[in-house]
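First the structure, in the form of structure tokens, and then the observations on it.
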Amino acid sequence: DDDSSSSSITHPAPIYWIEAKMFYGANTIPSGTPNAVGCILPKVRDYVRLYGTGAIVFMYGCGHQLAEQLLEVGVVALDGRGLDLDRVERQQKR
28 DDDSSSSSIT HPAPIYWIEA KMFYGANTIP SGTPNAVGCI LPKVRDYVRL
78 YGTGAIVFMY GCGHQLAEQL LEVGVVALDG RGLDLDRVER QQKR
């Protein structure tokens, strides 16, 4: 029975950890810059070394270049734009 309304992506390795990021421009800021976006690659390299392969859910999407860089170090970038973030966004406004 094929359900064409859902899709799945097979990752070649198990995912041992997952993190969520809620910022825009995740693909436009160079790695190594002193901010949350620029620190992603160094941080996930440490995570992979400590815990193994993992995933990051980018709530507002992730550019292709950053997704490829993450995959090279053992992290799959997941697009969270299909998630219902209403409750989260209401909480952030408090």
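Counting in the working numbering, the sequence shown runs from 28 upward without gaps. Yeah, the Cβ is synthetic: ideal placement off N, Cα and C, and Gly gets one too. All figures in this text were calculated on a predicted structure; none of them were measured in a lab.
- Closest in alpha carbon position to V100, among D73, R121 and C66, is D73.
- Burial of I83 is indicated by the presence of at least 16 other C-beta atoms within 10 angstroms of its C-beta.
- For L98, the uninterrupted alpha helix (DSSP H) run begins and ends at H91 to V100, by DSSP.
- Rounded to the nearest angstrom, the gap between the Cα atoms of T80 and P41 is 7 angstroms.
- Within the DSSP secondary-structure output, D106 pairs in a beta bridge with F85.
- No residue range can be given for K120, since it is assigned to no alpha helix (DSSP H) and is classified by DSSP as neither H nor E.
- In terms of Cβ geometry, G88 and R108 form a close pair [threshold 8 angstroms].
- L110 and M86 do touch by the CB rule: their CB atoms are close to 7 angstroms apart, below 8 angstroms.
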